[in-house]
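Student: This is the structure, below, for whatever I ask next.
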Amino acid sequence: MIKIAPSVLSADFSKLKEQIKQIEKSKAEYIHIDVMDGHFVPNISFGFPIVKTIRSLTSLTIDVHLMIENPSEYVKEFIESGADIVTVHYEADVHIDRTINLIRSLGAKSSIALNPGTPVNLIENLISEVDMVLIMTVNPGFGGQKFIPYCKNKIEELKKLAKKSNENLLIEVDGGIDINNIEEISKLGANVFAVGSSAFKDGDIENNVDKLIRRV
Ligand code: DX5
Ligand code: ZN
31 MIKIAPSVLS ADFSKLKEQI KQIEKSKAEY IHIDVMDGHF VPNISFGFPI VKTIRSLTSL
91 TIDVHLMIEN PSEYVKEFIE SGADIVTVHY EADVHIDRTI NLIRSLGAKS SIALNPGTPV
151 NLIENLISEV DMVLIMTVNP GFGGQKFIPY CKNKIEELKK LAKKSNENLL IEVDGGIDIN
211 NIEEISKLGA NVFAVGSSAF KDGDIENNVD KLIRRV
């Protein structure tokens, strides 16, 4: 079974509450929140208040994707704000082992994200220590980009490693996912799909999520 995580980066913030309610009515199980600091990625998005607001509106799993430098300094406050899963970028943290343990000790699920150019084998020893790995399938920072084809190899590689050391590992993909590629990507082993533009297209989230799920 796959999980869809609509990414609110593509939401219409003038009607955030209605859109969250629409996500709740849809078959999506997660809500993906992209936090960007203007340093780790060349864009700035949102922080704690938005996570708190979304938490107050939903009981769905909140999947916070931190595209920030020094993530360990902020994980506690994101968890207190309502994050159920916290993803930190491997590239942003030289003490990633410490940070994933910190996330778990604070009661959330821990996850590591890899940029497209970062090889999967760098985290081989950490696969047994996390709940999820997020394979970025675009360069992080913006919605609406095109899926990078070579990332498919990374999903397959991660799936193989997970079979050996963590069969329950959630494998999330993020960037450029749509109804034309979701089936192929799920067959490679991905089971959580962060979807921005294809989920919010024309404001019909329920229908868009339904179409994505029906493709798999
Ligand atoms: C990009 C973000 C994504 C983004 C995906 O840096 O991490 O979550 O919202 O958007 P789409 O699905 O439009 O590529
Ligand atoms: Zn994301």
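Going by our numbering, the first residue of the sequence shown is number 31, and it counts up by one from there. Cβ coordinates follow ideal geometry from the N, Cα and C atoms, glycine included.
Pair every Cβ in the stretch 114–132 with every Cβ in the stretch 90–99, then say whether three or more of these pairs are closer than 8 Å.
Tutor: Yes, they touch.
Student: Report, in whole angstroms, the separation of the C-beta atoms of Val81 and Val94, which I expect to be a contact under 8 Å.
Tutor: Within the sequence shown, residue 81 is the residue found at index 51, counting from 1. Within the sequence shown, residue 94 is the residue found at index 64, counting from 1. Confirmed, Cβ separation roughly 6 Å.
Student: On the DSSP bridge assignment, give the partners of Ala229 in chain order.
Tutor: The sequence position of residue 229 within the sequence shown is 199, counting from 1. None; Ala229 has no bridge partner.
Student: Look at the alpha carbon of His69 and the alpha carbon of His119, and state the distance between them as a whole number of angstroms.
Tutor: If you number the sequence shown from 1, residue 69 lands on position 39. If you number the sequence shown from 1, residue 119 lands on position 89. Roughly 13 Å between the two C-alpha positions.
Student: Quick check on Thr117: does DSSP put it in helix, strand or coil?
Tutor: Within the sequence shown, the letter at position 87 stands for residue 117. In the structure shown, Thr117 sits in a strand (DSSP, three-state: E or B).
Student: Going by C-alpha to C-alpha distance, which of Phe76, Leu200 and Ile50 sits closest to Ile158?
Tutor: Position 128 of the sequence shown, counted from the start, is the residue given in the question as residue 158. According to the sequence shown, residue 158 is Ser rather than Ile. Of Phe76, Leu200 and Ile50, the residue nearest in Cα terms is Leu200.
Student: In terms of alpha-carbon separation, which member of Ser140, Ser102 and Ile133 lies closest to Val124?
Tutor: Stepping through the sequence shown from its first residue, residue 124 is reached at position 94. It is Ser102 whose Cα lies nearest to the Cα of Val124.
Student: Residue range of the alpha helix (DSSP H) that Val105 falls in?
Tutor: Position 75 of the sequence shown, counting from 1, holds the residue named residue 105. Taken as a continuous stretch (DSSP letters only), the alpha helix (DSSP H) holding Val105 covers Val105 to Ser111.
Student: Any idea what DSSP makes of Phe172, helix, strand or coil?
Tutor: Within the sequence shown, residue 172 is the residue found at index 142, counting from 1. Of the three classes helix, strand and coil, the one that applies to Phe172 here is coil, per DSSP.
Student: Would the beta-carbon of Pro149 fall within 9 Å of that of Met97?
Tutor: Translated into the one-based positions of the sequence shown, residue 149 becomes position 119. Translated into the one-based positions of the sequence shown, residue 97 becomes position 67. Cβ distance not < 9 Å, so Pro149 and Met97 don't count as in contact.
Student: Quickly, what does DSSP pair Met11 with across the bridge? List them, please.
Tutor: The chain is shown from 31 up to 246; residue 11 falls before or after that span and cannot be answered.
Student: Which of the three DSSP states is assigned to Ala122 in this structure?
Tutor: As a position in the sequence shown, residue 122 is number 92, starting the count at 1. Three-state DSSP puts Ala122 in a helix.
Student: Going by Cα to Cα distance, which pick from Phe108, Asn145 and Asn151 is closest to Gly137?
Tutor: Taking the sequence shown and counting its residues from 1, the one referred to as residue 137 is at position 107. Ranking the options by Cα distance to Gly137, first place goes to Phe108.
Student: Would you call the CB atoms of Val239 and Ala229 closer than 9 Å?
Tutor: Numbered from its first residue, the sequence shown carries residue 239 at position 209. Numbered from its first residue, the sequence shown carries residue 229 at position 199. It is a contact, given that the beta carbons lie within the stated cut-off.
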